[in-house]
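Worksheet: one structure, shown below.
Numbering (the numbering used here), first residue to last: 41 to 674.
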């Protein structure tokens with residue numbers, strides 16, 4: 041039996057069979073996907089009273105040059121993107137047209153909004169009339185920390201905060217719950233309204249921020265001057281291509297990514313690093329880590345105390361990791377399958393040559409985990425049994441509930457984004473960072489602006505912050521395929537994703553799976569990661585840890601305030617939905633690293649003598665010291 045996301049099942053029901061392509065037959069009564077069939081010209085509508093048949097099908101004129109190839113349109117969109125932060129004006133226009141049109145035809149909703157505005161005005165007036173110290177008529181949401189300081193509860197700042205929060209609440213009501221508006225357009229309209237309102241938060245202005253006013257008075261305005269100098273320095277660094285202030289103290293190969301190892305393989309897309317053993321015995325099965333290529337691999341090898349790779353080596357594992365090349369315009373035509381072949385499969389071939397006759401624990405993080413699941417499914421389909429287990433860290437395989445990133449995923453936005461990448465050959469680091477910053481604008485934009493430019497202070501850099509600033513580019517073809525085939529069309533979960541001309545099915549994976557989600561993940565929401573339980577026909581051990589997409593992964597033993605939940609879901613067990621899973625899974629304090637290491641040990645064979653680094657006789661000599669060359673590419 042299998043797990044199926046689209047079928048509602050009870051907690052006591054066995055999981056239904058998922059048919060996802062390949063050699064599987066369609067279930068009785070199902071219909072083929074007509075969207076992929078060629079249109080029947082016999083069914084074309086009559087035009088001006090004449091039937092349009094096969095012999096009369098209109099042939100569009102063939103144009104050449106910039107007009108016929110659509111080059112002019114693409115150049116226009118790429119140029120516009122410089123002023124729209126990569127956001128499609130057409131996508132926003134469609135969302136707001138959908139919202140406004142339906143709101144205009146909803147008099148009951150309009151009356152409700154008028155009543156709400158009047159009620160909120162009365163609440164604010166009563167709060168103001170009660171005098172200082174009165175209970176507020178509205179409080180910030182629990183994740184909004186902007187107004188926590190007691191200074192915000194003094195007049196007139198408490199009234200300013202309550203007015204702002206009531207306005208936010210009203211616009212949330214105005215952009216949601218309108219009958220007929222598509223779910224996607226409603227989310228876009230609500231998100232954009234929230235972003236625009238955040239611009240006018242009293243915390244962002246000198247006159248409205250009591251903490252900032254106090255600091256300015258105490259320093260005689262020196263903080264504003266220092267903030268101006270900070271702004272000039274940041275602008276100069278952006279123009280010159282240098283990283284943020286303080287990142288010079290965190291350099292790969294010096295302070296970060298210093299776990300001893302060697303580069304044992306290199307091609308045009310990856311370097312493969314093998315790490316030096318530190319124990320007298322090692323587990324027989326090696327680990328191959330496939331990190332995301334949206335950032336540098338050394339998030340898994342930060343400073344020594346925060347290095348997951350160093351921890352694994354110290355526990356007796358032979359660790360290999362892929363270091364991806366930072367692509368430029370010359371790599372524009374590399375696609376998802378190139379990343380599979382030149383990345384996962386080439387690295388696996390190298391590991392098997394260096395350590396022959398040993399199955400491999402494969403580990404994928406974020407995009408790397410999605411790619412690994414594709415490769416594992418194709419290997420299982422083709423009878424390739426080189427994998428011992430699969431670990432997916434914050435990696436999605438079903439993208440129907442991929443969180444707020446889906447706000448930027450629709451046909452209009454992808455067409456616009458593809459034109460940007462077409463002009464450059466890649467998606468630039470700044471264009472990617474802008475979308476992620478918008479998802480957490482209070483933390484990543486406004487609070488930083490106030491802290492650095494109004495208070496005139498600098499935050500101390502950390503290894504994780506320095507890594508986050510060391511971003512990479514995305515090749516045009518690969519990123520287009522990734523967004524369309526996975527995010528937009530969800531081909532992998534629905535059995536349409538093809539590898540070497542044939543669809544792959546996650547149900548073909550037979551090795552045990554360890555899947556990890558992070559509770560505050562805004563990139564790969566944990567409930568989306570959890571769907572691997574429904575999509576596979578094997579034992580899945582799911583672990584949920586506190587923290588976000590990156591900080592939740594970098595959780596070494598001894599990290600304060602970390603907790604995790606951990607349950608093994610056997611293939612024959614009844615399905616448990618994610619919320620019930622969270623309610624029933626036991627809570628453990630501490631890092632999840634030891635729990636995963638114990639799982640790897642349970643799925644490994646006897647310990648053996650450590651292997652040498654590389655194997656020149658098999659064509660894999662030592663090339664360089666870790667962390668190699670590709671990690672230094674900017």
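Where a beta carbon is used, it is the ideal one built from N, C-alpha and C, also for glycine.
Out of the options, state which residue places its alpha-carbon closest to the alpha-carbon of residue i.
i           : options               : result
residue 539 : 320, 417, 626 and 112 : 417
residue 268 : 293, 493 and 607      : 493
residue 332 : 452, 320, 383 and 454 : 383
residue 498 : 242, 271 and 199      : 271
residue 202 : 141, 415 and 177      : 177
residue 392 : 432, 314 and 319      : 314
residue 208 : 259, 194, 237 and 219 : 237
residue 293 : 284, 303 and 285      : 303
residue 325 : 221, 667, 651 and 252 : 651
residue 595 : 626, 511, 280 and 636 : 636
residue 338 : 131, 551 and 512      : 512
residue 290 : 533, 505, 557 and 440 : 505
residue 145 : 220, 381, 664 and 670 : 220
residue 198 : 210, 184 and 179      : 179
residue 590 : 282, 488, 564 and 247 : 564
residue 434 : 574, 355, 593 and 537 : 593
residue 556 : 320, 568 and 439      : 568
residue 130 : 175, 301, 190 and 449 : 449
residue 421 : 537, 327, 318 and 438 : 537
Put residue i into one of helix, strand or coil per three-state DSSP.
i           : result
residue 439 : coil
residue 451 : helix
residue 549 : coil
residue 127 : coil
residue 61  : For residue 61, the predicted structure reports a pLDDT of 37, less than 50, and the residue's modelled location is therefore unreliable. A value from the coordinates is still provided. It is coil, neither helix nor strand.
residue 593 : coil
residue 501 : coil
residue 170 : coil
residue 647 : strand
residue 364 : strand
residue 276 : helix
residue 288 : helix
residue 664 : strand
residue 181 : coil
residue 581 : strand
residue 456 : helix
residue 429 : strand
residue 142 : helix
residue 374 : coil
residue 303 : strand
residue 149 : helix
residue 313 : strand
residue 656 : helix
residue 396 : coil
residue 242 : helix
How big is the Cα-Cα spacing for residue i and residue j?
i           : j           : result
residue 456 : residue 128 : 6 Å
residue 365 : residue 673 : 7 Å
residue 572 : residue 553 : 9 Å
residue 329 : residue 443 : 25 Å
residue 529 : residue 522 : 10 Å
residue 164 : residue 192 : 16 Å
residue 562 : residue 360 : 28 Å
residue 205 : residue 509 : 32 Å
residue 117 : residue 467 : 14 Å
residue 70  : residue 535 : Any answer about residue 70 is weak, because its pLDDT of 37 lies below 50 and its placement is not dependable; what the coordinates show is given next. Roughly 14 Å between the two C-alpha positions.
residue 588 : residue 368 : 29 Å
residue 408 : residue 414 : 10 Å
residue 602 : residue 629 : 6 Å
residue 231 : residue 241 : 16 Å
residue 214 : residue 447 : 18 Å
residue 287 : residue 500 : 10 Å
residue 93  : residue 121 : For residue 93, the predicted model reports a pLDDT of 39, less than 50, meaning its position is unreliable; a value from the coordinates is still stated below. The straight-line gap from Cα to Cα measures roughly 42 Å.
residue 166 : residue 151 : 23 Å
residue 485 : residue 316 : 41 Å
Just confirm the distance between the C-beta atoms of residue i and residue j, as a whole number of angstroms; I'd bet it's less than 8 Å.
i           : j           : result
residue 503 : residue 296 : 6 Å
residue 579 : residue 610 : 5 Å
residue 299 : residue 347 : 6 Å
- Item | Given 8 Å, three or more beta-carbon pairs between the stretch 217 to 231 and the stretch 128 to 148 | With contact defined as three or more Cβ pairs closer than 8 Å, the stretch 217 to 231 and the stretch 128 to 148 are in contact.
- Examine the Cβ distances between the stretch 545 to 558 and the stretch 506 to 518 and report whether three or more of them are shorter than 8 Å. Verdict: no, contact absent.
- Counting pairs of Cβ atoms below 8 Å between the stretch 333 to 347 and the stretch 645 to 658, do you hit three or more? With contact defined as three or more Cβ pairs closer than 8 Å, the stretch 333 to 347 and the stretch 645 to 658 are not in contact.
- Does the stretch 633 to 641 touch the stretch 302 to 319, meaning 3 or more C-beta pairs lie closer than 8 Å? Not touching, per the Cβ criterion.
- Just checking, does the stretch 575 to 587 make contact with the stretch 607 to 621 on the three C-beta pairs under 8 Å criterion? They touch, by the three-pair rule.
- Report yes or no: do three or more beta-carbon pairs, one from the stretch 393 to 403 and one from the stretch 368 to 377, lie closer than 8 Å? These segments do not touch.
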